[in-house]
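1 is the number of the first residue of the sequence shown in UniProt numbering; add one for each residue after it.
The C-beta atom is built at its ideal place from N, Cα and C for all residues, glycine as well.
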Amino acid sequence: MSFYEAKDSSSPLLPLSFDEWEAEARKKLGAGPFGYVHGGAGGGETMEANLSGFRQYQIRPRVCSNVSKRDLGIVLFGQQASVPFLMAPIGVNSIVHPVGELGAARAAANLNVPYVLSNVSTHRMEEVAEVMGHAMRWFQLYPPKNEELMQSFLQRAEKAGFTAIVVTVDSTLLGWRITDLKNRYLPFLEGHGMGNYFSDPVFRDMLKQSPEDNRRDAVLRALDEGNNTCFTWKTLTKVRERTKLPLLLKGLTHPEDALLALEHGADGVIVSNHGGRQLDGAIGTMEALPEVLKTVNGKAPVLLDGGIRRGADIIKALALGATAVQVGRPYMYALAVAGQSGVEYMLQNLIAETELQLAISGNSSVKDLDCSLLRQV
Ligand SMILES: Cc1cc2nc3c(=O)[nH]c(=O)nc-3n(C[C@H](O)[C@H](O)[C@H](O)COP(=O)(O)O)c2cc1C
Ligand SMILES: CCCCCCC(=O)C(=O)O
């Protein structure tokens, strides 16, 4: 949608800025669900570092460079994506809207935005795949302790048409989330986020009683599998051996970890601190990105998430050298406010804004962006 179309549109007035989406979602949701999405770990230092990381760069626009044709497309593991951002894996979408991941995934598919489905989605991966048709989708894995269960998740994802696996490694234990502790709120215990586990035959065989008979024990068992504190580089090799799909490691910020990830079979890395929800005091992702890029040295795609709120953020991360970025909370707030159509509206505007930013910073293609466009403040 262009600026002019947006201006003339008769569609109902939905928020345009991230702050408005957040404010509307706050009004709509109860304290528990809103706090869960909004919150960061500890004092929120890392969440703030993700935002301030973008303010450390200013764009130095180029002029007179013919931007009449514009291209936001990128290629990821041989697949063409029409935009340089993905929807980040976010579990338990049904805490903000009953349509849950089905609404978010349909919106992604309708707008050709690549979608990463969380391991702890409320809806099963097969249901989500079905509503997406042939649209680009990746599956995020919290590698379980049980290797048969790991194998089962990977096989199901392959069969359901997911084309890459994102292994999240920064959350073997949940961070110190004060809001959730105060609210005594954990979505999994309120009936959300267990679609993939409860539908898995291997997981069901591991239980003494079925989830239908004893939900609480089944939830605790699933969380225990996901809280894989024994995970090491050697375990990553085991994931590698169990799938032919491209593998990305999500949740690292240290350049040496990026190198180790590639040495142990990853095909790409995602610089992420889980949106500041895990280790409080950890480095912001835009601050971490340059060193990771230097170490990876073009050998593999490097993605980034954390704090992407508008087109300028996307342009800055790509100019610094990220292959693509992921967007998290913005789509959860849009889902909370207006379900699938909220997510579509938010995504449409993010695409339009990014294309506009690309053009008026003097560029025709995101492939041409480089760090000469930026000045560090
Ligand atoms: C409510 C919520 C749930 C999340 N669930 C997952 C998840 O299941 N798997 C995962 O890898 N990351 C998860 N994340 C982290 C996101 O993938 C992403 O790293 C983060 O949201 C990016 O930061 P942003 O929200 O500032 O865009 C979650 C984040 C939020 C806010
Ligand atoms: C082993 C399950 C951990 C689920 C964490 C959900 C999440 O990523 C988040 O809340 O953040």
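Assigned with DSSP and collapsed to three states, Trp-138 falls in strand. With a threshold of 6 Å, the Cβ atom of Gly-39 does not count as near ligand 2, since no heavy atom of the ligand is closer than that.
Judged by DSSP secondary structure, Ile-165 falls within the beta strand (DSSP E) whose first and last residues are 165-168. Of the other Cβ atoms in all chains shown, 16 or more fall within 10 Å of the Cβ of Arg-309; this residue is therefore buried. With contacts defined as CB atoms closer than 7 Å, Pro-201 and Gly-193 fail to qualify as a contacting pair. DSSP, read as helix, strand or coil, puts Ser-365 in strand. Taking C-beta atoms under 8 Å as the contact rule, Val-167 and Val-239 qualify, at a distance of about 6 Å.
For Met-87, the beta-bridge partners assigned by DSSP are Tyr-115 and Val-327. Selection Tyr-333, Thr-323, Thr-172 and Lys-367 evaluated against Glu-20 yields Tyr-333 as nearest (Cα-Cα).
Beta-carbon to beta-carbon, Val-83 and Val-113 are separated by about 6 Å, close enough to satisfy the 8 Å threshold. In this structure, the beta-carbon distance from Arg-156 to Val-131 does not fall below 7 Å. Phe-85 and Ile-314 have their C-alpha atoms some 8 Å from each other. Between Arg-329 and the set Arg-60, Val-96, Ser-68 and Gly-30, the nearest pair of CA atoms involves Val-96. With respect to the 7 Å criterion, Ile-74 and Ala-338 are not classified as neighbours on the basis of their beta carbons.
Going by beta carbons, Gly-268 and Thr-179 fall outside the 7 Å limit. With a cutoff of 6 Å, Tyr-142 counts as near ligand 2, since its C-beta is closer than that to a heavy atom of the ligand. The C-beta distance from Gly-91 to His-123 rounds to 11 Å, too long to fall under 8 Å, and the pair is not in contact.
Taking 4 residues as the shortest admissible run, the region 217-264 contains the following complete alpha helix (DSSP H) segments, listed from N- to C-terminal end: 233-241 and 255-263.
For the pair Phe-198 and Ser-210, the Cα-to-Cα distance works out to about 9 Å. Sorting Gly-281, Lys-234 and Gln-79 by C-alpha distance to the C-alpha of Ala-261 places Lys-234 at the top. Within the DSSP bridge table, the entry for Arg-375 names Gln-58 as partners. For Gln-155, the enclosing alpha helix (DSSP H) covers residues 147-159.
The beta carbon of Pro-255 is closer than 6 Å to those of Glu-291, Val-292 and Thr-295 in its chain, skipping five residues each way along the sequence. In this structure Ala-88 is in contact with Asp-305, their Cβ atoms being roughly 5 Å apart against a cut-off of 8 Å.
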